[in-house]
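Heads up: the sequence shown at position 93 corresponds to 94 in this note's numbering, and the numbers run straight through without jumps.
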Amino acid sequence: MEDILDDKLEKYAAIRSDELSDSENRKYVIIDRETKKVLDDNNSLGYLKVKDAYESYEHHLINAKERYRKRRALSWLLNHADFDKKLLEIYIEITDKGQWEGYISFDKKLVEDLLLQGNHTHLEFTSKDLLEVWYKG
């Protein structure tokens, strides 16, 4: 297996796959650099371009990280019923009266400020994640 791109990528690499390539097309897969285990082979089809292999794998990583953050936000919200209730009260007041303590929008900035006021820092999710899971209820 020959590494064909970017030595600065420490954890994974796009390489040519002997198994998926044929005489007409070189096919690439993403492997773990340390274990050499295939991490992404495009459902056993491989990728025709190194760039496509990296982009697809990085897209999967980003989506996985987003899902993780949202699960953490939901779990946190379920364990902080008082915060959940406060969000509901503020949402109703902004909706009915047009504002709450100077805030006119029920948005991620408001949620971020409420988290800071409650000394809820160093969380594994963003205020946007929390707001999205709150809306989904």
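Glycine residues also receive a C-beta, built at the ideal position from the N, C-alpha and C atoms. Note that this is a predicted model, so its numbers are computed, not measured.
Query raised in the report: From what residue to what residue does the alpha helix (DSSP H) around I16 run?
Result: The residue labelled residue 16 in the question sits at position 15 within the sequence shown. In this chain, I16 is not harboured by any alpha helix (DSSP H); it is covered by the beta strand (DSSP E) spanning 13 to 17.
Report task. Report the partner residues of Y104 according to the DSSP bridge assignment. Result -> Residue numbering aside, residue 104 sits at position 103 when the sequence shown is read from its first letter. Y104 is bridged to W101.
Requested in this report: Could you tell me whether the Cβ atoms of D130 and K71 are closer together than 8 Å?
Outcome: As a first step, residue 130 must be located in the sequence shown, where it is residue number 129. As a first step, residue 71 must be located in the sequence shown, where it is residue number 70. Closer than 8 Å, so yes.
Requested in this report: Check D41 in the structure and name its three-state DSSP category.
Outcome: For this step, residue 41 is matched to residue 40 along the sequence shown. Reduced to three states, the DSSP call for D41 is strand.
Report task. Mind checking which residues open and close the alpha helix (DSSP H) that includes Y136? Result -> One-based indexing of the sequence shown puts residue 136 at position 135. Here the alpha helix (DSSP H) through Y136 covers 128 to 137.
**Report entry** Y55 - partner residues in DSSP beta bridges
**Finding:** For this step, residue 55 is matched to residue 54 along the sequence shown. Beta-bridge analysis with DSSP links Y55 to no other residue.
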